[in-house]
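Letter by letter, the first sequence follows residues 1 to 594 of the UniProt record's numbering.
C-beta: ideal position from N, C-alpha, C; glycine also.
Here the structure comes first, spelled out in structure tokens, and everything after it is commentary.
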Amino acid sequence: MRLLTPQEAATLPREALETHIVSLLRRCPGLLALRGAHAHLLRLRLPRLTAAFALSKLLASCASISDAAAASSSYARNLFDQIPDPTAFCYNSLIRALPAAGPVLAAYRRMLRAGSPRPNSFTLAFALKACAAALAPAEGRQLHAQAFRQGLESGAYVQTGLLNLYAKCEEVALARTVFDGMAGDRNLVAWSAMIGGYSRVGLVNEALGLFREMQAAGVEPDEITMVSVISACAKAGALDLGRWVHAYIDRKGITVDLELSTALIDMYAKCGMIERARRVFDGMVERDIKAWSAMIVGLAIHGLVEDALGFFSRMLELKVRPNNVTFVGVLSACAHSGLVDDGRRYWSTMQNLGIKPSMENYGCMVDLLCRSGLLDDAYSFVIGMPISPNSIIWRTLLVASKSSNRMDIVESASKRLLELEPLNPENYVLLSNLYASNSQWDRVSYMRKKMKDNNVTVVAGRSSIEINGYLHKFVVSDDSHPEIKEIRPVLREIADRVRRAGHKPWTAAVLHDVGEEEKEVALCEHSERLAIAYGLLKTRAPHVIRVVKNLRFCPDCHEVAKIISKSYNREIIVRDRVRFHKFMGGSCSCKDFW
DNA sequence: CTAGGGTTAG
């Protein structure tokens, strides 16, 4: 577009000048461009009112520019301070441009203190969105109270803003309260936000149930709704459901856009159908870094290392810039097949690309070194990390030190782990099992004592299985399932077969502090066995029994699943959260851990 | 000027 000269600007009417300002700012993708436009507008020596208009519009543009939030937000603050009588629109724009919940709340309070203008529903909607993005429910609650005080709580946008805030912060019950309060005017956005909230925390049946309710209420889903539904299936490993939902998407002619495709790739990969994931990926018209990353991570999960690395180079050739998540895929692929040198090379590639390693990236490197038996390298790598290692990293190191019988590393790593997380039951399960398998009984009882002293109780093992589109959940020794009477005999038979197969009814040392005779009961009522029993009861071969388990350091569930598989001639896959041991060529089975 | 979506290590 042609820029105006000051002489031209002086002769133009106000409307024309404002049009010029608006279309000029529309062309500003980043902070630099915006500053350029700002300088141009200053040169025009606009009349007072038009200048204020320009500043407001400049401020509004700050929210949508892509530059580092910090730089653009301080620029936005500067602009705001230059506006003599900021309107509500100005405050709203400022709030939109601020990066964190704290500053947003401060700006909101400043507006209240000024007395005028009053916040409107836009103000609250923006502020709530900022709190949701920053995962700051405390600040959000304050805004919730404010919404009441300002009489703005009934606005549709404020309500969905609140709903979404709670949903994003995983406060599902609060989100539901808001949702229930909306009864009459729930629109597609509200339904989607609520479904997304359930999906985020893994309440798949609730997400799916609400999805059905939504349809019954005559609200037609769009691609955004379906992303949440599909990712709920991915989280739960609900393959049949996921396929049904995919078919539904096709049947309804819902656009499978970039985000939905990515969700589908993730779902198929996490549910074990990597070929379908790949087909979705191949069918995409555009692929951004998240799509590539989902695909690469999916391939890595399945141990398809060459493919994962091949996709990575193809991605680089297409000039798509990798991010931390991409390198999680690449590095974990290397770790899964012992490619230490390649892993190290990718590590420096990452640094050369200016990507600051995330905790997960460090974790991948530790895992890579550990799996290759380079315990000393792994240990010095952990010690040399510029950020303080988290508990996952210490546990990775511990498990590997145990397999290599490096009790010296176990010693110091366990110390650090318990300092870091003295209240996490997972750590005690891990450590006491570790010492038990090394016959260090004094250590085992020390762990128990420490647990007791710290008032730590063990997390129950939880598993789920999908039957006919419904997810059945089981907890250790849980008899609340409506069909428990039919499940029990199957369980007993499983226990018999396990014993006949010569499997020692050994179980986690602290998980069940029980006598010998009770041990077998505890063993046969492990959650995954309950789930497998239910699967045997409800399905016939060749239906694959897929069970999802919550605990990673579960001592023998995969081994037992294998025995049951063989004995019943059924395919049984036990998956812990995302990893399929079936595809790992044994490299990741519990046997190696313990 | 408002609200809902996808990828992360053990």
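Cut-off 8 angstroms between Cβ atoms - residues of its own chain near Met-1, not counting five sequence neighbours on either side: Short of 8 angstroms from the beta carbon of Met-1, and not among the five residues preceding or following it, lie these beta carbons of its own chain, in chain order: Ser-23, Leu-24, Arg-27.
- request: Please classify Arg-575: does DSSP put it in a helix, a strand, or coil?
  value: Residue state, collapsed to three classes: strand.
Within 7 angstroms, strictly: CB atoms of Val-548 and Ser-464: Val-548 places its beta carbon less than 7 angstroms from that of Ser-464.
message: Suppose you measure from the CA of Ala-68 to the CA of Phe-89; what does that come to, to the nearest Å?
response: When rounded, the distance between both Cα atoms is 23 angstroms.
- request: Counting only the same chain and skipping the five closest in sequence on each side, list residues whose C-beta sits under 7 angstroms from that of Ser-401.
  value: If we look at Ser-401 and ignore the five residues flanking it on each side, its Cβ neighbours are Leu-375, Ile-409, Val-410, Ala-413.
task: List in chain order: all unbroken alpha helix (DSSP H) runs of 4+ residues lying wholly within the region 9-45.
output: Every alpha helix (DSSP H) stretch that sits fully inside the region 9-45 and reaches 4 residues is listed by chain position as 14-26, 31-43.
field: Sequence-distant residues of the same chain with beta carbon closer than 6 angstroms to Thr-255, five excluded per side
entry: For Thr-255, where only same-chain residues beyond five positions count, the Cβ hits under 6 angstroms are Glu-223.
For Ile-545, three-class secondary structure by DSSP: Three-state DSSP puts Ile-545 in a strand.
- prompt: For Asn-205, which residues of its own chain have a beta-carbon under 6 angstroms away from its beta-carbon, when the five flanking residues on both sides are left out?
  reply: Correct list, in chain order: Leu-471.
query: If you drop the 5 nearest sequence neighbours on each side, which residues of the same chain put their C-beta closer than 6 angstroms to that of Ala-9?
result: Answer for Ala-9: Leu-44, listed in chain order.
- prompt: Cα separation between Arg-575 and His-503?
  reply: Near 21 angstroms, if we compare the C-alpha coordinates of His-503 and Arg-575.
- prompt: Helix or strand or just coil, what does DSSP make of Ile-387?
  reply: In the structure shown, Ile-387 falls within a coil segment according to DSSP collapsed to helix, strand and coil.
- prompt: What are the complete alpha helix (DSSP H) segments, minimum 4 residues, inside the region 56-126?
  reply: With a minimum length of 4 residues, the continuous alpha helix (DSSP H) runs that stay inside the region 56-126 are 69-82, 88-97, 101-114.
- request: Take Ala-291 and list the residues in its own chain whose beta-carbon comes closer than 6 angstroms to its own, dropping the five residues that flank it on each side.
  value: Taken in chain order, the residues that qualify are Thr-262.
task: Check whether the Cβ atoms of Pro-103 and Gln-150 lie closer than 7 angstroms to each other.
output: Their beta carbons are not under 7 angstroms apart, which means Pro-103 does not touch Gln-150 by this criterion.
- prompt: For the candidate residues Asp-257, Arg-416, Glu-528, whose alpha-carbon lies nearest to that of Asp-478?
  reply: Checked all of Asp-257, Arg-416, Glu-528; the closest Cα to Asp-478 is Glu-528.
message: Beta-carbon within less than 6 angstroms of Tyr-379's beta-carbon, same chain only, minus the 5 sequence neighbours each way: which residues are those?
response: Taken in chain order, the residues that qualify are Ile-409.
- prompt: Is the region 105-113 close to the region 56-71, with three or more CB pairs under 8 angstroms?
  reply: Segments in contact, no.
field: Contact test: Lys-473 Cβ vs the ligand SAM heavy atom, cutoff 6 angstroms
entry: Absence of the ligand SAM from the depicted structure is noted, as is the absence of any ligand whatsoever, leaving it without description.
field: Identity of the residues DSSP links to residue 597 by a beta bridge
entry: There is simply no residue 597 to check, as the chain begins at 1 and stops at 594 in what is shown.
Rounded straight-line distance, which links the Cα of Leu-98 to that of Cys-62: The alpha-carbon separation between Cys-62 and Leu-98 amounts to approximately 9 angstroms.
message: Closest to Glu-571 by C-alpha separation, out of His-543, His-558, Pro-425, Asn-550, would be which residue?
response: The candidate whose alpha carbon is nearest that of Glu-571 is His-543.
- prompt: Near Trp-506, what residues of its chain come up, given a Cβ to Cβ distance below 6 angstroms and the 5 sequence neighbours on each side ignored?
  reply: Bear in mind that a pLDDT of 49 at Trp-506, under 50, signals an unreliable position, so the number given afterwards is only what the model happens to contain. Correct list: empty, nothing qualifies.
Distance between Ile-274 and Ala-33 (C-alpha atoms, nearest Å): Approximately 43 angstroms between the Cα atoms of the pair.
- prompt: With respect to the alpha helix (DSSP H) encompassing Lys-235, which residues constitute its N-terminal and C-terminal limits?
  reply: DSSP places Lys-235 in the uninterrupted alpha helix (DSSP H) bounded by 223-236.
task: Give a yes or no on whether the C-beta atoms belonging to Ala-138 and Leu-124 are separated by under 7 angstroms.
output: Contact: no.
- prompt: Alpha carbon to alpha carbon, how far is Ala-294 from Gly-36?
  reply: Answer to the nearest angstrom: the Cα atoms are 38 angstroms apart.
query: Of all the alpha helix (DSSP H) runs that stay within the bounds of the UniProt repeat "PPR" (323-357), which reach a length of 4 or more residues?
result: Listed in chain order, they are 324-336, 340-352.
task: Label Leu-55 either buried or exposed according to how many other C-beta atoms from any shown protein chain fall within 10 Å of its C-beta, with 16 as the threshold for buried.
output: Counting every other CB atom within 10 Å of its CB across the protein chains shown gives Leu-55 a total of 16 or more, marking it as buried.
query: If you draw a straight line from the alpha carbon of Thr-160 to that of Val-189, how long is it in whole angstroms?
result: Taking the straight line joining both Cα atoms gives about 7 angstroms.
query: Taking the C-alpha atoms as reference points, what is the distance between Gln-215 and Met-182?
result: Roughly 17 angstroms separates the two Cα atoms.
- prompt: Looking at C-alpha atoms only, which residue of Gly-535, Leu-4, Val-399 is the closest neighbour of His-20?
  reply: Ranking the options by Cα distance to His-20, first place goes to Leu-4.
message: From the DSSP secondary-structure annotation, give me the bridge partner or partners of Ile-467.
response: Looking at the DSSP assignment, Ile-467 forms a beta bridge with Tyr-470.
query: What's the C-alpha gap between Phe-179 and Ile-265?
result: Rounded to whole angstroms, Phe-179 to Ile-265 spans 30 angstroms at the Cα level.
The region 191-211 touching the region 221-239, judged by at least three CB pairs closer than 8 angstroms: Yes: at least three Cβ pairs fall under 8 angstroms.
query: What is the DSSP secondary structure of His-558, reduced to helix, strand or coil?
result: Note: His-558 maps to helix in three-state DSSP.
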